[in-house]
Amino acid sequence: MRSILAVYLLAILLLGACRSGGFYTNPILSNGADPWIVRYDSNYYYCCVMPGNRIGVSKSQKLHQINGPIEVWKAPIGNKWNSSCIWAPELHFWNGKWYIFYAAGYSGPPFIHQKTGVLESVTSDPQGEYIDKGMLFTGDTLGDWSNNMWAIDMTLLEHKKELYAIWSGWEKKEMTDKTQQHLYIAKMENPWTIASSRVKISSPELDYEQGELPLNEGPQILKNKNDLFIIYSCGQSWLPTYKLAYLKLKDENADPLDKDSWIKGTKPLFEGNKNAYGVGHASFTTSPDGEEFYIMYHAKVEKKPGWRRDIRLQKFAFDEKTGLPDFGKPMSIKKKMKLPSGS
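Numbering follows UniProt numbering, with no gaps: position 169 of the sequence shown is 169.
What follows is the structure in structure tokens.
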């Protein structure tokens with residue numbers, strides 16, 4: 001079940017980031033998308049899709065150095081709901097076990113069958129064996145599986161001792177993947193059981209969210225003291241205008257299941273420039289000593305439409321007055337940046 005990715009793939013994925021003199025450079029991976037990084041104990045775990053509809057987890061003590069992944073799961077063969085089109089896996093720790101959320105479908109393109117599934121670790125080792133806990137319900141009427149809806153990019157929110165799922169989905173079933181995507185939330189009983197019908201909390205309605213196909217996707221949780229943010233991607237992932245925006249819970253006691261509890265930013269938080277095109281689908285962590293905040297994101301390697309992307313890392317801070325994350329501007333590749341503190 002477990003196998004180390006072949007040397008030829010490592011040559012594609014791993015770049016020799018500049019580490020001499022206490023510096024590194026972007027990109028930290030020359031090929032990748034939808035990066036998910038999580039820090040646990042003294043290690044960083046990076047969860048990714050591997051060739052052949054597999055999911056892998058890599059382990060490193062260095063935030064700026066992603067090692068080769070170990071396969072932890074392979075999609076079932078045949079016409080199963082999750083046999084192909086494995087997208088954007090995320091690795092979360094909950095009650096002593098690891099859970100991997102992923103999107104999949106039984107065919108594509110067109111990618112009109114995508115649903116969300118979850119894997120549960122057998123042990124507390126994130127690189128160990130996983131069991132498939134099945135598809136999650138992402139529809140309007142809890143329990144009506146015949147009307148389960150298209151859903152990708154699911155992430156977890158733990159808030160006030162409650163568990164929630166947040167994802168990108170369609171309002172209704174469609175026969176084309178050229179369909180608007182919205183952000184939804186639902187309460188969870190546990191990481192494999194949705195406990196409420198979905199609530200739509202964001203649609204691509206502002207000017208900066210428009211374009212060829214308006215999308216809200218890739219939601220991620222970011223917390224700063226009592227502030228709770230959903231950082232999401234909007235625009236189109238295949239275009240240079242892909243960017244990050246945010247929702248903010250209006251106060252710490254507001255109900256996350258109430259659409260009116262969420263305030264949308266009037267402008268993007270992070271967008272491309274001459275140094276990087278189509279920046280988006282980020283995840284967040286801290287330096288080894290916990291003193292610095294870092295954003296890991298993907299960027300297009302060229303301006304023309306397409307999905308050739310690499311993975312980048314840079315430090316950010318929170319604005320002292322507004323509490324908002326200040327991601328700055330995307331740094332140019334090969335620019336020397338100081339290693340994360342405590343490296």
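Glycine included, C-beta positions come from ideal geometry on N, C-alpha and C.
Query                                                                                                                                                                    : Result
Between the beta-carbon of Tyr142 and the beta-carbon of Val118, is there less than 8 Å?                                                                                 : Residue identity differs from the one stated: residue 142 is Leu in this sequence, not Tyr. No, the pair does not count as a contact, with Cβ atoms beyond the cut-off.
Any idea if Ser341 is buried or exposed, counting beta-carbon neighbours within 10 angstroms, 16 or more meaning buried?                                                 : exposed
Going by DSSP, what residue range makes up the beta strand (DSSP E) through His281?                                                                                      : 277–286
Enumerate in chain order the residues of its own chain whose CB-to-CB distance from Ser261 is below 7 Å, with the five nearest sequence positions on each side excluded. : Leu249, Lys250, Ala254, Asp255
Answer with buried or exposed for Met149, where buried requires no fewer than 16 other C-beta atoms within 10 angstroms of its C-beta.                                   : buried
With DSSP collapsed to three states, give me the class of Trp170.                                                                                                        : coil
Any chance the stretch 262–270 sits against the stretch 58–72, with 3 or more Cβ pairs inside 8 Å?                                                                       : no
Of the residues Phe229, Ile230, Glu209, Asn226, which one's Cα is nearest the Cα of Leu239?                                                                              : Glu209
May I have the straight-line CA-CA distance separating Gly56 from Ile194, to the nearest angstrom?                                                                       : 25 Å
Anyone know if the C-beta pair for Ser233 and Tyr242 falls short of 8 Å?                                                                                                 : yes
In its own chain, which residues sit with a C-beta less than 7 Å from the C-beta of Leu10, not counting the 5 before and 5 after it?                                     : Residue confidence is low: Leu10 scores 43 on pLDDT, short of 50, so the model does not pin down where it sits. No coordinate-derived value is stated.
Do Gln180 and Pro126 have their CB atoms nearer than 8 Å?                                                                                                                : no
Indicate the three-state DSSP secondary structure (helix, strand or coil) for Ser261 in the structure shown.                                                             : helix
Using three-state DSSP, classify Ser197 as helix, strand or coil.                                                                                                        : coil
How many Å lie between Ala17 and Gln114 at the Cα?                                                                                                                       : Note that Ala17 scores a pLDDT of 41, beneath 50, so its modelled location is shaky; the value from the coordinates is reported in the next line. Cα to Cα, the separation comes out at about 35 Å.
Give me the Cα-Cα distance between Trp73 and Pro51, rounded to the nearest whole angstrom.                                                                               : 12 Å
Sorted by chain position, which residues of the same chain lie with C-beta nearer than 7 Å to Ala282's C-beta, five sequence neighbours on each side aside?              : Gln220, Ile231, Leu244, Ile295, Met296, Tyr297
Within the stretch 107–173, note down every full alpha helix (DSSP H) run reaching 4 residues or more, in order along the chain.                                         : none
Taking Pro268 as the reference, which of Trp81, Asn275, Asp207 has the closest Cα?                                                                                       : Asp207
Mind checking which residues open and close the beta strand (DSSP E) that includes Phe327?                                                                               : Phe327 -> no beta strand (DSSP E), and no H or E assigned at all.
Out of curiosity, what's the CA-to-CA distance linking Trp145 and Thr138?                                                                                                : 9 Å
Return the residue from the list Arg198, Tyr184, Pro191 that minimises the CA-CA distance to Lys97.                                                                      : Pro191
Between Met188 and Asn224, what straight-line distance do the alpha-carbon atoms span, to the nearest angstrom?                                                          : 23 Å
Express the C-alpha separation of Asp319 and Arg2 in angstroms, rounding to a whole number.                                                                              : Confidence at Arg2 is low in this model, with a pLDDT of 42, below 50, so the placement of that residue is unreliable and no value is reported for it.
By how many angstroms is the C-alpha of Asn79 removed from the C-alpha of Asp227?                                                                                        : 44 Å
For Leu15 and Leu339, what's the separation of their Cα atoms in angstroms?                                                                                              : Any reading at Leu15 must be qualified, since the residue scores a pLDDT of 47, below 50, and its modelled position is unreliable; the value itself is stated next. Each residue's Cα considered, the two are about 15 Å apart.
Leaving out the 5 sequence neighbours to the left and right, which residues in its chain are closer than 8 Å to Asn43 when beta-carbon positions are compared?           : Lys59, Ser60, Gln61
Using 8 Å as the threshold, is the C-beta distance between Gly134 and Ala151 below it?                                                                                   : no
Using a Cβ-Cβ cutoff of less than 7 Å, which residues in the same chain neighbour Lys329 once the five nearest sequence positions on both sides are dropped?             : Asn273
With a CB to CB cut of under 6 Å and the five nearest residues on each side skipped, what residues in its chain are close to Ile201?                                     : Leu183, Ile185, Lys259, Trp262
Taking the alpha carbon of residue 358 as the point to measure from, which residue in Gly108, Pro109, Glu90 has its own alpha carbon closest?                            : Outside the displayed span of the chain (1 to 343) sits residue 358, for which this structure offers no information.
Specify the secondary structure class of Asp207 as computed by DSSP and reduced to three states.                                                                         : helix
To the nearest angstrom, how far is the alpha carbon of Lys161 from that of Lys304?                                                                                      : 45 Å
Taking the beta carbon of Tyr277 as the centre, do at least 16 other beta carbons fall within 10 Å, making it buried, or is it exposed?                                  : buried
Once you ignore the five residues that flank Ser196 on each side, which residues in its own chain have a CB closer than 8 Å to its CB?                                   : Leu142, Ala186, Lys187, Leu257
Do the CB positions of Ala165 and Met175 come within less than 8 Å of each other?                                                                                        : no
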